[in-house]
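Student:
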Amino acid sequence: MGGYEETGVLSLDDLLNIPSEKQLEKGVAISECIQNIPCNPCVDACSVDAISMKDINSPPVVDYDRCTACGNCVAVCPGLALFIVKIKEDKAWITLPYEFLPIPEKNDTVDALDREGNIVGEGKIIRVRKQNSTWIITVEVDRSLAMIVRNIRCRR
Amino acid sequence: MHLRIREHPIIDFSGREKISFYFNGEKIVGYKGDSIASAIHASGVKRLSESLKGRHRGFFCGIGKCSSCLMTVNGIPNIRTCIAPLQEDINVETQSKSVPWPKVDYDAWEDGLNIEVDILVVGAGPAGLSASIEAAKQGATVLLVDENPRVGGQLIKQTHKFFGSKHEKAGIRGVDIAKDLEREARDHSNIKILLESTVFGVYEDPSYNGFTFGVMKRENYKSRLVKVHCKEVIISVGAMENMLLFPGNDLPGVYGAGGVQTLMNVYGVKPGNKVLMVGAGNVGLIVSYQLLQAGVDVDRVVEAAPIIGGYHVHAAKLRRFGVPIYTSHSIKEVYGNDCVEGAFVVELDENWQPIEGSEENVECDTVCLAVGLTPSTRLLEQLHVEMADIPEAGGRVAIHDEYMETSVRGVYVSGDSSGIEEASTAMIEGKISGISAALALGYNRDAEELRKEYIERLEKLRAGPFGEKPRIAKRKILEEWRRYHGRL
Ligand SMILES: Cc1cc2nc3c(=O)[nH]c(=O)nc-3n(C[C@H](O)[C@H](O)[C@H](O)COP(=O)(O)OP(=O)(O)OC[C@H]3O[C@@H](n4cnc5c(N)ncnc54)[C@H](O)[C@@H]3O)c2cc1C
Ligand code: SF4
Ligand code: SF4
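Protein chains in written order, with the numbering used here: chain S, 1124 to 1279; chain E, 513 to 1000.
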């Protein structure tokens, strides 16, 4: 398999920086936007200046110590490339933008999908909200899937 | 077979009023807001017309630029049904290759109308809207003309959030940007908007010291001639979708990507149930994702180049739903009796040649072509503007300076018709052309400073690797411009 430019799938090595365990326990935004594209609304969306960019064509860099995991950037990102990951004991909470029907409800059990759409486990919906006309879903999965699960599929 | 989208995660298609009409004598029900072609397509009819050789023609571009949807409506032939609004009780008939003289009293040239303005803006996409607003802010009177029934150009079908910076409304969905721009334009009393109207030609009128344009205004499927006198004109007519050569490319069920987007996101109609997407540039990736949102299965995306051309973030959105992207693959042929029943795809070697034995059969009812756009330039050619062939701009374009003025004084271009790019840059180019046209007429409210700021913003947006193509295109255009002026 080739790199992401051939497959459309990132590997962890492609990410610019990976948060530490401690930062993950606090909960942080993870950017999967790694190319030089002309875009910067995530920078403007962050009220604590945790996202920086050299110029509008550079990829965003998240300052994990500053990030409060508020999710504002997740709701605004046109690339749907920002996720919040928070580790809670043996579970991981993943907050992702979701633009499909049906919209899951709290406590629903869903399929947890990886970056290629494969089912890699089961998820429980923790929170559902709408911001900037985008559904923002928080799903709980096994801790080992924290950096793997990036999508869900409703079973209803 | 019914192809209506029942529910959609982004657009609310519910609660639309039903409209019944006759198609080849049979009663069909559509919805208010449908075009004639979208209502017919929704009922499962894919054959809209036929070629001179009698081959079937289906929905292709959806924006009135190709001619696969010509039909006879209420006895009036050659109506472009993809942009003709559906009305109660109309009589729609497919037509054969030779069209008889209209059966009705056909007042094509009925009582002409004259309009005189400072600036005529042709095309109400992001470029034309921004140009009109900016020129109006300076104080000029503007006539904004578009041949579609709605304002917004390509934006009205773009349900995804936009890239760019906050100045170009990044993070907002294209459909909402269109509404914002329309509201802003309508707030200016010095902008007059004429819809369902095609600017078709430029004429000599010795009685007027300026430009004279012919505009065809459509109403109830009849046309009326409008004569427009203006001192300056901004051409922002967008682009046409490219075709690809392969056997079966004219079968109903082969669509342009923009056409598919129009069907789904403007009219709430699915193109089919299973799609093969050709092209992994941003358009192919975005439209594939929007097909999934509409509940349509995307079998795969094939891309002839060895790498994905669009932004990774768009590719990732598709992959997360399990849609494969095959790079170094292309379409070989499409088969089917009356419409698409499947296609053969083939792998390409490093010289882009098909690898023997690599053919794969893909069963699908829809093939969607996202293989680039070509600038629309017919009006510019009529205006005798200097043109140049610039592949990076998408073909033949008008040469222009950094203020968007062409070689003919008073004629400006902006947006895709000045070189294929994006909505964000189309908006800024539009602003620059609007300000420049107003300035040339003596309207000046800090115009020069504003224009300088816009030019800087444009350069910043184009500075990255994905801006390389437009950067080269615009550099070549400027070089051609200098060469042309050196010759004078
Ligand atoms: C599928 C798809 C996805 C895209 N995604 C993005 C994106 O994410 N971000 C981004 O920045 N850009 C995107 N773009 C590109 C963007 O939509 C275009 O670059 C932009 O719309 C160009 O604007 P424009 O005003 O030049 O032309 P258009 O939007 O095409 O508007 C031209 C208008 O002119 C009218 N017209 C044409 N001829 C005549 C005539 N003779 N008389 C009267 N009216 C006429 C047409 O009806 C049309 O309304 C996308 C494009 C497509 C097709
Ligand atoms: S989650 Fe909130 S704090 Fe963290 S980067 Fe995004 S906007 Fe900033
Ligand atoms: S908003 Fe999203 S796509 Fe745009 S730069 Fe930020 S992370 Fe990338």
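For each residue, glycine too, the CB sits at the ideal point set by N, CA and C.
Taking only beta-carbon atoms, is I1157 (chain S) less than 9 angstroms away from chain E?
Tutor: Yes, its Cβ sits closer than 9 angstroms to a Cβ of chain E.
Student: Express the C-alpha separation of Y767 (chain E) and F833 (chain E) in angstroms, rounding to a whole number.
Tutor: Straight-line Cα distance between these residues: approximately 23 angstroms.
Student: May I ask whether a heavy atom of ligand 3 can be found less than 8 angstroms away from the beta carbon of P1142 (chain S)?
Tutor: Checking the Cβ of P1142 (chain S) against ligand 3 gives no.
Student: Counting C-beta neighbours from all protein chains within 10 Å, is the total for W864 (chain E) 16 or more, i.e. buried, or is it exposed?
Tutor: So W864 (chain E) ends up on the exposed side.
Student: So for D811 (chain E), helix, strand or coil by DSSP?
Tutor: Correct three-state label for D811 (chain E): strand.
Student: Measuring straight from C-alpha to C-alpha, what distance separates W621 (chain E) and S579 (chain E)?
Tutor: Here the model assigns W621 (chain E) a pLDDT of 49, short of 50, so the residue's position is not dependable and the matter cannot be decided.
Student: Should N1140 (chain S) be flagged as near chain E, meaning a C-beta pair shorter than 9 angstroms?
Tutor: Not one chain E Cβ lies under 9 angstroms of N1140 (chain S).
Student: If you reduce the DSSP assignment to three classes, tell me which class I627 (chain E) lands in.
Tutor: Strand, per DSSP.
Student: Could you give the residue range of the alpha helix (DSSP H) that holds S608 (chain E)?
Tutor: Neither: S608 (chain E) is in no alpha helix (DSSP H) and is coded neither H nor E.
Student: Going by DSSP, what residues sit across from N754 (chain E) in a beta bridge?
Tutor: N754 (chain E) is not bridged to any residue.
Student: Hey, would you say R567 (chain E) sits closer than 9 angstroms to D762 (chain E), going by beta carbons?
Tutor: Their beta carbons are under 9 angstroms apart, which means R567 (chain E) touches D762 (chain E) by this criterion.
Student: Which whole-angstrom value describes the C-beta separation of V740 (chain E) and L655 (chain E), a residue pair presumed to lie in contact below a C-beta threshold of 8 angstroms?
Tutor: The pair is a contact, with the Cβ atoms about 6 angstroms apart (cut-off 8 angstroms).
Student: Given that D1172 (chain S) touches chain E, what residues does it touch there, using C-beta distances under 7 angstroms?
Tutor: Within 7 angstroms Cβ-Cβ: nothing; D1172 (chain S) doesn't reach chain E, min ~15 angstroms.
Student: Quick one: is V778 (chain E) near chain S, going by C-beta distance under 9 angstroms?
Tutor: No, V778 (chain E) does not count as interfacial toward chain S.
Student: Below 8 angstroms on the Cβ atoms is my contact criterion, and I expect R1273 (chain S) with D1237 (chain S) to pass it. Report the Cβ-Cβ distance as a whole number of Å.
Tutor: Rounded, the Cβ-Cβ distance is 7 angstroms, consistent with contact.
Student: Which residues, in chain order, sit with a beta-carbon under 5 angstroms away from any heavy atom of ligand 3?
Tutor: Listed by chain position, these are S:C1156, S:C1162, S:P1164, S:C1165, S:P1183, S:C1200, S:G1202 and S:A1204.
Student: Which residue or residues does DSSP assign as beta-bridge partners of Q1254 (chain S)?
Tutor: Paired residue(s): S:T1257.
Student: Note down, in chain order, all residues in the segment 1251-1275 of chain S with a beta-carbon under 9 angstroms from any beta-carbon belonging to chain E.
Tutor: Under the 9 angstroms Cβ criterion, the segment 1251-1275 of chain S contributes N1255, S1256, T1257, W1258, R1273 and N1274.
Student: Indicate the three-state DSSP secondary structure (helix, strand or coil) for L830 (chain E) in the structure shown.
Tutor: L830 (chain E): helix per DSSP, three-state reduction.
Student: Taking any Cβ of chain S, which residues in the segment 833-848 of chain E have a Cβ under 9 angstroms from it, in chain order?
Tutor: Cβ contacts with chain S come from F833, G834, V835, P836, I837, T839 and S840.
Student: Would you check if the distance between the CB atom of A792 (chain E) and the CB atom of L860 (chain E) is smaller than 9 angstroms?
Tutor: No; because the gap between Cβ atoms is not below 9 angstroms, this pair is not in contact.
Student: Output, in chain order, the set of chain E residues within a Cβ distance shorter than 8 angstroms of A1204 (chain S).
Tutor: Chain E residues near A1204 (chain S): V825 and A828.
Student: Name the two residues that bound the continuous alpha helix (DSSP H) containing Y996 (chain E).
Tutor: Y996 (chain E) -> alpha helix (DSSP H) spans E980 to R999.
Student: Of all the CB atoms in chain S, is at least one closer than 9 angstroms to the CB of R974 (chain E)?
Tutor: R974 (chain E) counts as touching chain S.
Student: Classify K558 (chain E) as helix, strand or coil using the three-state DSSP reduction.
Tutor: If DSSP states are grouped into helix, strand and coil, K558 (chain E) belongs with coil.
Student: Near E992 (chain E), which residues of its chain fall below 6 angstroms by C-beta distance, leaving aside the five closest residues on each side in sequence?
Tutor: Excluding residues within five positions, the ones whose Cβ falls inside 6 angstroms are A900 and I911.
Student: Just to confirm my understanding: we take F525 (chain E), look at its own chain, exclude 5 residues before and 5 after, and list those with CB closer than 7 angstroms. What are they?
Tutor: Only I517 and G780 meet the Cβ criterion.
Student: Across which residues does DSSP place H568 (chain E) in a beta bridge pair?
Tutor: In the DSSP output, where bridge partners are listed per residue, H568 (chain E) has E:E562.
Student: Is it the case that the CB of N1195 (chain S) approaches a heavy atom of ligand 2 more closely than 8 angstroms?
Tutor: For ligand 2, at least one heavy atom lies less than 8 angstroms from the Cβ of N1195 (chain S).
Student: Give every residue of the same chain whose Cβ lies closer than 7 angstroms to the Cβ of V1251 (chain S), excluding the five residues on either side of it in the sequence, and list them in chain order.
Tutor: These residues qualify, in order along the chain: I1226, P1227, E1228, K1229, W1258 and I1260.
Student: So, is the C-beta of D688 (chain E) closer than 9 angstroms to a C-beta in chain S?
Tutor: With 9 angstroms as the cut-off, D688 (chain E) counts as an interface residue toward chain S.
Student: What are the start and end residues of the alpha helix (DSSP H) that includes A1198 (chain S)?
Tutor: Start and end: N1195 to V1199.
Student: Label Y715 (chain E) either buried or exposed according to how many other C-beta atoms from any shown protein chain fall within 10 Å of its C-beta, with 16 as the threshold for buried.
Tutor: Classification for Y715 (chain E): exposed.
Student: Chain E partners of L1135 (chain S), CB-CB under 7 angstroms?
Tutor: Residues of chain E passing the Cβ test: none, with the nearest at roughly 14 angstroms.
Student: Given a cut-off of 9 angstroms, decide if G651 (chain E) and R957 (chain E) are closer than it, judged by their beta-carbon atoms.
Tutor: For R957 (chain E) and G651 (chain E), yes; Cβs fall inside 9 angstroms.
Student: Going by DSSP in three states, V857 (chain E) sits in which element: helix, strand or coil?
Tutor: V857 (chain E): strand per DSSP, three-state reduction.
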